[in-house]
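Listed in order, the protein sequences are those of chains B and W.
With the first sequence counted from 1, adding 6 to any position gets you my numbering.
With the second sequence counted from 1, adding 278 to any position gets you my numbering.
Heads up, the beta-carbon is just placed ideally off N, CA and C, and yes, glycines get one too.
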Amino acid sequence: MSYELLIFAPLALSLLVYIPTRNLGGTKYVALALFVYMFSKTIELYKQLPEHGYMLLGKFLEVKAFDFVLTLQVDRLSVIMLLLTCVLLILVTLSSWSLTKKPAAYFSLLIFFSGAIFGVFMSTNFIWFFIFWELTLIPMLFLVGIWGAEGRIYAAIKFFLYTHVASMLILLAFFLIYKQSGTFDMTLVKEAMLTTPALIWWLMFIGFAVKMPLFPFHTWLPDAHVQAPSPVSALLAGVLLKMGAYAMMRMVILLLPIQAEKFAWIFVVLGLLTLLYAGFMALYETHVKKMVAYSSISHMGLIAIAMGAMSYASLSAALFEMIGHALIISPLFLIAGFLHQKMNTWEMTDMGGVMQKAPYLSAIFVLAGLGALGLPGTMGFIGEITILISTIESFGSWMVVILLGSLISASYLIWTFRRVIYGEMSEGVKNANFSMNRVEFFSLLVFAFLIILFGIYPQTLFDEINQAFGVYFTGGTL
Amino acid sequence: MSAFTILFAFGLLSFAMRSSLLLKLLSLLVLVAAGYLTLNSYALPLNGFSLTSGVALFEVVLFIVLGAAILNEDENINVTQTIFIGTASVALLESNTLLNFIISFEALSVISFVLVANVKNATQASGAVKMFIAGSIATAFIVLGAAFYLFENHPLNSGLQNVETFGTLGLWLMLMGLFYKLTIVPMHSWAADSYAEIKASHAALLSGAAKTVAALAVFKTFSPFLLQNLEFNAPILVALAIVTMTLGNFLALFQKKVAKILAYSSIAHAGYMLLAFVAVKSAYASTSLLYIAIAYVFMQSALFTLIGNLKENASELSLEDLKGLGEKDKITALIFTVQLFSLAGVPLLAGFISKAVLVYAVVDADLPIVALVTLLNSALSVAYYAWIVKHVYFDEASLDYELKSLRFAPLMAQFILLGGTIYFGIFAFGVFKVAF
Numbered sequence: 007m008s009y010e011l012l013i014f015a016p017l018a019l020s021l022l023v024y025i026p027t028r029n030l031g032g033t034k035y036v037a038l039a040l041f042v043y044m045f046s047k048t049i050e051l052y053k054q055l056p057e058h059g060y061m062l063l064g065k066f067l068e069v070k071a072f073d074f075v076l077t078l079q080v081d082r083l084s085v086i087m088l089l090l091t092c093v094l095l096i097l098v099t100l101s102s103w104s105l106t107k108k109p110a111a112y113f114s115l116l117i118f119f120s121g122a123i124f125g126v127f128m129s130t131n132f133i134w135f136f137i138f139w140e141l142t143l144i145p146m147l148f149l150v151g152i153w154g155a156e157g158r159i160y161a162a163i164k165f166f167l168y169t170h171v172a173s174m175l176i177l178l179a180f181f182l183i184y185k186q187s188g189t190f191d192m193t194l195v196k197e198a199m200l201t202t203p204a205l206i207w208w209l210m211f212i213g214f215a216v217k218m219p220l221f222p223f224h225t226w227l228p229d230a231h232v233q234a235p236s237p238v239s240a241l242l243a244g245v246l247l248k249m250g251a252y253a254m255m256r257m258v259i260l261l262l263p264i265q266a267e268k269f270a271w272i273f274v275v276l277g278l279l280t281l282l283y284a285g286f287m288a289l290y291e292t293h294v295k296k297m298v299a300y301s302s303i304s305h306m307g308l309i310a311i312a313m314g315a316m317s318y319a320s321l322s323a324a325l326f327e328m329i330g331h332a333l334i335i336s337p338l339f340l341i342a343g344f345l346h347q348k349m350n351t352w353e354m355t356d357m358g359g360v361m362q363k364a365p366y367l368s369a370i371f372v373l374a375g376l377g378a379l380g381l382p383g384t385m386g387f388i389g390e391i392t393i394l395i396s397t398i399e400s401f402g403s404w405m406v407v408i409l410l411g412s413l414i415s416a417s418y419l420i421w422t423f424r425r426v427i428y429g430e431m432s433e434g435v436k437n438a439n440f441s442m443n444r445v446e447f448f449s450l451l452v453f454a455f456l457i458i459l460f461g462i463y464p465q466t467l468f469d470e471i472n473q474a475f476g477v478y479f480t481g482g483t484l
Numbered sequence: 279m280s281a282f283t284i285l286f287a288f289g290l291l292s293f294a295m296r297s298s299l300l301l302k303l304l305s306l307l308v309l310v311a312a313g314y315l316t317l318n319s320y321a322l323p324l325n326g327f328s329l330t331s332g333v334a335l336f337e338v339v340l341f342i343v344l345g346a347a348i349l350n351e352d353e354n355i356n357v358t359q360t361i362f363i364g365t366a367s368v369a370l371l372e373s374n375t376l377l378n379f380i381i382s383f384e385a386l387s388v389i390s391f392v393l394v395a396n397v398k399n400a401t402q403a404s405g406a407v408k409m410f411i412a413g414s415i416a417t418a419f420i421v422l423g424a425a426f427y428l429f430e431n432h433p434l435n436s437g438l439q440n441v442e443t444f445g446t447l448g449l450w451l452m453l454m455g456l457f458y459k460l461t462i463v464p465m466h467s468w469a470a471d472s473y474a475e476i477k478a479s480h481a482a483l484l485s486g487a488a489k490t491v492a493a494l495a496v497f498k499t500f501s502p503f504l505l506q507n508l509e510f511n512a513p514i515l516v517a518l519a520i521v522t523m524t525l526g527n528f529l530a531l532f533q534k535k536v537a538k539i540l541a542y543s544s545i546a547h548a549g550y551m552l553l554a555f556v557a558v559k560s561a562y563a564s565t566s567l568l569y570i571a572i573a574y575v576f577m578q579s580a581l582f583t584l585i586g587n588l589k590e591n592a593s594e595l596s597l598e599d600l601k602g603l604g605e606k607d608k609i610t611a612l613i614f615t616v617q618l619f620s621l622a623g624v625p626l627l628a629g630f631i632s633k634a635v636l637v638y639a640v641v642d643a644d645l646p647i648v649a650l651v652t653l654l655n656s657a658l659s660v661a662y663y664a665w666i667v668k669h670v671y672f673d674e675a676s677l678d679y680e681l682k683s684l685r686f687a688p689l690m691a692q693f694i695l696l697g698g699t700i701y702f703g704i705f706a707f708g709v710f711k712v713a714f
């Protein structure tokens with residue numbers, strides 16, 4: 007099979023699934039089958055990867071006059087992102103199994119998203135990368151706008167406009183790169199970009215910082231997270247934010263290392279501000295999903311700090327934390343959404359004692375929460391400790407300040423456990439029926455399993471991650 | 279034999295036809311034949327006309343769009359006038375002397391006036407009169423400009439020559455007149471009313487087809503002059519382009535009627551097109567204008583005809599009326615949304631690549647700040663396009679939902695236009711390999 011079909015087939019299939027006038031419930035099976043198939047093809051790709059560097063999958067739709075060529079190339083970094091995406095798409099589909107509102111349209115949008123996101127991670131032509139980058143916004147706009155909560159329309163439009171404006175900066179940066187280097191191929195421009203004007207770096211940095219998001223460019227995310235249906239929140243946190251972090255790594259750091267080194271302090275300052283600001287916001291929140299959203303943003307700050315260190319170890323730690331964050335935050339969102347669905351409230355003050363009525367669900371929530379606060383034995387611990395060590399190596403011992411972030415997250419998460427899971431059973435919990443669709447519960451179990459698996463055996467993941475960055479470092483520097 | 283000849287001959291013949299079906303079928307056949315002749319490089323067989331590959335490509339696109347417009351038409355007289363618009367457009371696009379340009383341009387204007395004069399109510403009459411008055415003022419500017427140009431002893435029956443003070447004044451006066459037609463601020467105010475008030479299918483032809491034809495022809499004719507005095511011309515054009523797109527987009531944000539939003543969006547797009555004039559020294563300038571013209575003629579024609587299909591009195595179609603369209607009529611809502619997204623510059627659609635090439639042309643002309651302003655304007659425009667989509671999909675249908683469903687022929691017309699928007703959104707090589 008030609009690999010461009012992994013992008014274009016889902017885009018076309020989404021239309022086929024959407025157009026029939028009857029709402030076909032069976033669409034979820036189509037989506038699940040497609041994502042499993044994409045996962046298997048990604049595994050196939052992974053097995054074929056060369057030891058170092060890119061593997062060319064093909065060039066399509068060539069317009070040589072403008073170097074507008076759909077060049078599909080993957081390396082270990084992009085395949086890791088593809089695998090993470092597939093896993094999340096499968097689990098998000100399973101988490102949406104009992105959806106009753108317009109299921110055909112919902113799953114067709116998920117299918118569309120899968121094609122676009124594959125394009126982001128597989129394309130090495132700046133313009134095509136941008137095309138897929140922007141295309142991911144469309145399904146998200148509709149998923150939040152149609153299936154979201156009460157304030158969904160404001161959140162959807164705000165998310166769309168905010169991130170679209172940021173994308174305009176990225177596009178301008180790509181054009182300036184083309185003017186300087188004469189190519190849109192990101193695997194060829196590095197040499198030509200050694201003397202890049204700072205403007206290009208800043209345009210890309212701000213553009214991607216919005217997507218990650220970093221303080222003060224984060225304001226679109228709490229609204230989007232809170233209003234989106236919970237599986238979509240999981241997808242936002244697990245894939246869309248990672249897309250921003252991936253682009254930040256790939257383009258702002260690995261493509262422009264000289265400029266990135268010059269402005270490394272920006273990563274550290276904004277990362278720390280994000281970590282602490284979002285942490286304090288989470289501590290202050292009584293809205294359970296908003297608390298999870300701020301926790302998610304806070305962890306992205308940690309990832310930014312690791313990126314700022316720009317060492318082999320710190321980038322590996324950042325990628326590990328990205329994966330960990332996706333697997334930890336997603337079940338928190340899913341369970342928060344489930345609790346709201348059953349109790350019709352987002353307020354933690356109206357919850358309490360869920361453990362007594364839904365012990366398994368509560369156990370997964372606590373496990374994911376403990377992962378988020380960095381408890382040993384979970385992925386969160388490995389991510390945070392490796393970031394701490396690698397940044398201390400790069401910047402010195404003052405980086406222990408990161409632990410303040412962990413302390414804050416421990417505070418708000420334990421406080422959340424107290425208010426939601428333990429304590430006296432609230433009226434809302436008493437009256438609620440916490441029975442959960444088995445398929446949806448299975449998806450939560452998978453998340454829990456992965457959090458523990460990579461928490462106990464991080465080396466299996468680190469082996470791959472280290473290889474992904476090995477090629478960029480000669481003699482320990484970029 | 280050329281596209282012009284058979285279109286003109288058939289236009290005359292069509293007055294004698296009574297059967298609507300036969301007229302439509304023959305019109306479509308004639309457009310196919312015109313396209314065939316154009317692709318085989320048969321230019322208008324008179325002195326001062328020639329056909330480049332870029333013009334040929336646009337003419338073929340124009341014939342496709344006119345075909346879709348004819349499929350959508352109910353009245354024989356409108357079909358005839360559509361054919362005449364095609365005829366004048368071919369002449370204007372192929373003209374390469376100033377005299378031919380002026381004559382063809384005025385011919386296109388006169389046919390446009392005749393087209394909109396076919397009014398059904400007072401609102402349409404108001405739109406037609408405003409357009410006629412604006413057109414007359416524009417003509418006055420063009421003639422006065424030509425007089426100044428002649429005053430400096432330059433012949434009209436050749437391409438533009440190097441000019442001095444009076445010649446420069448003359449050509450700028452002509453450009454001001456032409457900018458009236460292209461709806462460049464501050465010569466734009468008639469367009470917001472006219473496009474919104476005249477019959478929607480007429481607005482589709484005028485704001486979609488005639489405007490892009492005019493923009494291409496003006497660029498083709500005047501680019502040597504713009505290049506000659508670039509240091510003087512560029513700042514004026516930059517100012518006009520930025521003000522036009524920004525004002526168009528801002529005013530569109532505050533509209534409640536869909537036709538008004540499209541009218542202001544059309545003004546904003548005139549600003550984008552003017553950027554190609556700004557970037558005239560870039561090798562990408564002509565390609566970018568050609569691309570945006572191709573994209574725009576599909577998108578704008580589709581949207582205006584669509585709102586005409588949805589409501590008899592399209593000028594009254596409000597955002598509130600669109601509530602529930604996504605649920606009640608999936609296909610129409612999808613077409614509507616895709617074309618809006620294309621106007622907004624969403625990728626894999628023609629609107630995106632055309633804007634991308636245009637912005638690159640501006641960057642290539644060493645104007646990165648203008649490029650940034652353009653991109654931010656494009657982002658601003660997303661706000662009102664997304665707002666329309668919000669009404670279509672996110673809001674519940676109101677109890678008095680009364681939008682009409684599309685009949686077979688208009689639906690086919692929409693599919694043709696949608697095909698163009700998607701094709702040129704994915705397959706860009708056709709536009710890059712031609713020379714304008």
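- At a cut-off of 8 Å between beta carbons, PHE707(W) contacts chain B.
- In terms of Cβ geometry, PRO688(W) and ASN587(W) form a close pair [threshold 8 Å].
- The residue among SER382(W), ILE415(W), ASN440(W) and ALA481(W) with its C-alpha nearest the C-alpha of VAL394(W) is ALA481(W).
- HIS293(B) carries a strand assignment under DSSP once its states are collapsed to helix, strand and coil.
- Within the same chain, PHE138, LEU141 and THR142 come within 6 Å of ALA122(B) by CB-CB distance, once the 5 residues on both sides are set aside.
- Counting along the chain, the unbroken beta strand (DSSP E) around LEU63(B) starts and ends at 61 to 69.
- If you check each beta-carbon in the region 633 to 645 of chain W against every beta-carbon of chain B, the ones closer than 8 Å belong to ALA634, VAL635, VAL637, TYR638, VAL641 and ASP642.
- Proximity of chain W to GLU68(B) at the Cβ level (cut-off 8 Å) is accounted for by PHE707, in chain order.
- Not one beta carbon of chain W lies nearer than 8 Å to the beta carbon of ALA18(B).
- Interface flag for LEU696(W) against chain B is unset, since no Cβ pair is found closer than 8 Å.
- Per DSSP, the beta bridge partners of GLN79(B) are LEU62(B).
- Within the region 570 to 653 of chain W, no beta strand (DSSP E) run of at least 3 residues lies entirely inside it.
- The C-beta of LEU338(B) comes no closer than 8 Å to any C-beta of chain W.
- Boundaries of the alpha helix (DSSP H) around TRP421(B): 408 to 422.
- Bounds of any alpha helix (DSSP H) do not take in ASP356(B), whose DSSP letter is neither H nor E.
- Secondary-structure assignment with DSSP links SER566(W) through no beta bridge to anything.
- When 9 Å is used as the limit between beta carbons, PHE710(W) is near these residues of chain B: VAL69, LYS70, ALA71, PHE72 and PHE74, in chain order.
- Beta-carbon to beta-carbon, ALA346(W) and SER579(W) are separated by about 7 Å, close enough to satisfy the 8 Å threshold.
- A residue is called buried when at least 16 other Cβ atoms come within 10 angstroms of its Cβ; ASN356(W) meets this threshold and is buried.
- MET44(B) is a Cβ neighbour of PHE124(B), given a cutoff of 8 Å.
- Among the CB atoms of chain B, one or more fall inside 8 Å of the CB of LEU653(W).
- Contacts with chain W (Cβ-Cβ distance below 7 Å) from the region 31 to 56 of chain B involve no residue at all.
- According to the DSSP assignment, ILE163(B) belongs to the alpha helix (DSSP H) that extends over 158 to 187.
- Contact annotation: GLY330(B) and GLY389(B) have beta-carbon atoms nearer than 8 Å.
- Proximity of chain W to MET174(B) at the Cβ level (cut-off 7 Å) is accounted for by LEU653, LEU654, SER656 and ALA657, in chain order.
- Every candidate beta strand (DSSP E) stretch fails here, since none sits fully inside the region 363 to 423 of chain W while reaching 3 residues.
- Among the residues of chain B, those whose CB is under 7 Å from the CB of VAL624(W) are GLU140 and ILE144, following chain order.
- Looking at the DSSP output, SER129(B) sits in a beta bridge with LEU78(B).
- For GLU197(B), no alpha helix (DSSP H) encloses it, and the DSSP letter there is neither H nor E.
- Distances from the alpha-carbon of LEU333(B) to those of ALA230(B), PHE166(B), ILE370(B) and ILE25(B) put ILE370(B) closest.
- Secondary structure in the region 333 to 411 of chain B: the alpha helix (DSSP H) runs of 4 residues or longer, each lying completely within the stretch, are 360 to 363, 365 to 379 and 385 to 401 in chain order.
- Within the region 147 to 163 of chain B, LEU147, PHE148, GLY151, ILE152, ARG158, ILE159, ALA162 and ILE163 place their CB atoms closer than 8 Å to a CB of chain W, listed in sequence order.
- Contact check for THR316(W) against ALA281(W) passes: the beta carbons are separated by less than 8 Å.
- By the 16-neighbour rule on beta-carbons within 10 angstroms, ILE408(B) is buried.
- Counting the other CB atoms within 10 Å of its CB gives PHE455(B) a total below 16, which places it among the exposed residues.
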